[in-house]
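The working numbering numbers the first residue of the sequence shown as 128 and each following residue consecutively. Every residue gets a Cβ at the ideal spot worked out from N, C-alpha and C, and that includes glycine. All figures in this text were calculated on a predicted structure; none of them were measured in a lab.
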Amino acid sequence: MSLVVVHPGPLTLVQDDGRPGLAAQGVGAAGAFDRRALHQARTLVGDASGTAVLEVLGGGLELRATSEHVVAVTGAVGPVLVDGAPVEHGRAVRLGAGRHLAVAPFGHGLRGYVAVAGGIDVPSTLGSRSADTLSRLGPPALSAGDELAVGEPLQDPPDVAPVPSLLTPGTTTVDVVLGPRDDWFTPDALAAFLGTGWVVSERSDRIGVRLDHRAPGRTGLERAVDGELPSEPCVRGSVQVTSAGLPVVLGPDHPVTGGYPVIGVVTGRGLDRLAQVRPGETVRFRRHTLP
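Right under this line is the structure:
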């Protein structure tokens, strides 16, 4: 049972829940950027936690089935076609042998997730099938002509309602817990961090979402503490502030240590939302207090 890649799109990666717990060995977790969309896609096709899916950047993926499969597309929204006929986004559909699934360029959002009942069956590296773009662990990005093995489905797809998209146009607001190094910044800088509409840079990727001011000539976030910070552990969602005073939100392929002070950490749900923000779109941070 397999799928043949006809067109890979700009960047399509195999992803699962990642390889957490190896930071002490210098290995990041990686895994799907939008975990909510990953879990939705697997639920639609009846897969258990841990199976691998395809993370599609921007759309443009086309697959040909060599046998019958059940597939679902979640996350970023755009036309989904089977042999040129539209099918519903966020719903499980049958893909017969010889038929083509096309995930057209997205109209809203940035990353789509294609689940296949049984999961994408590529070799596991350190307990995960995820591709890590920083460490180069896991399978490479898809190329035209690749043949993807598919595991044996454990059950028939459940009869569940379509998953509605939660993506909305306009500014994206994400929750952030301040610290651990928020005391390295002035009160005005903290107010600016929470009060500014930050623009996503085109240099963003799975390693980090780089943010910039919309107003030209505006200065970065001012430090209250000068000097260098010794490298310390970083987690997914950490908001580092560079020497230019600009935030970078660490994504799933982030380094396990860093020397820039972390002004806050984006919540898991907030990072799911951030995974779908396109370059040029605006992000705002909303302070979240842990119980």
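Would you kindly check if the distance between the Cβ of Leu-228 and the Cβ of Leu-237 is under 8 angstroms?
No, these two residues do not count as a Cβ contact at 8 angstroms.
Does DSSP classify Arg-163 as helix, strand or coil?
Helix.
Kindly indicate which three-state DSSP category Phe-312 falls into: helix, strand or coil?
Strand.
Compute the distance between the beta-carbons of Thr-409 and Gly-324, then report whether it is under 8 angstroms.
Yes, the pair counts as a contact, with Cβ atoms nearer than the cut-off.
Work out the CA separation of Gly-239 and Ser-365 for me, nearest whole Å.
Those two C-alpha atoms are separated by around 23 angstroms.
Just the C-alpha distance for Ile-247 and Gln-403, rounded to the nearest angstrom, thanks.
Each residue's alpha carbon lies about 23 angstroms from the other.
With 16 as the cutoff for other CB atoms within 10 Å, does Asp-310 come out buried or exposed?
Asp-310 comes out exposed.
Please go through the region 223 to 302 and give each complete beta strand (DSSP E) segment of 3 or more residues, from N-terminal end onward.
Counting whole runs of 3 or more residues, the region 223 to 302 contains the beta strand (DSSP E) stretches 227 to 230, 235 to 243, 274 to 276.
Give the DSSP-derived three-state secondary structure of Gly-322 in the structure shown.
DSSP places Gly-322 in helix when its eight states are reduced to three.
Just verifying my parser: in three-state terms, what is the DSSP assignment at Asp-339?
In the structure shown, Asp-339 sits in a strand (DSSP, three-state: E or B).
Work out the CA separation of Ala-203 and Val-132 for me, nearest whole Å.
Those two C-alpha atoms are separated by around 20 angstroms.
When the Cα atoms are used, what is the spatial distance from Asp-315 to Val-376?
Going by the C-alpha atoms only, they are around 20 angstroms apart.
Going by CA-CA distance only, name the one from Cys-361, Ala-271, Pro-285, Leu-293 that's closest to Gly-191.
The residue you asked about is not Gly; residue 191 is Arg in the sequence shown. When only C-alpha atoms are compared, the closest one is Ala-271.
By DSSP, does Leu-190 sit in helix, in strand, or in coil?
The answer is strand: DSSP assigns Leu-190 an E or B state.
Pick out whichever of Ile-390, Leu-264, Val-336, Gly-395 has its Cα sitting closest to the Cα of Pro-406.
Residue Val-336 is the option with its Cα nearest to Pro-406.
Just to confirm the assignment, what range does the beta strand (DSSP E) spanning Leu-140 have?
Element bounds for Leu-140: 138 to 142.
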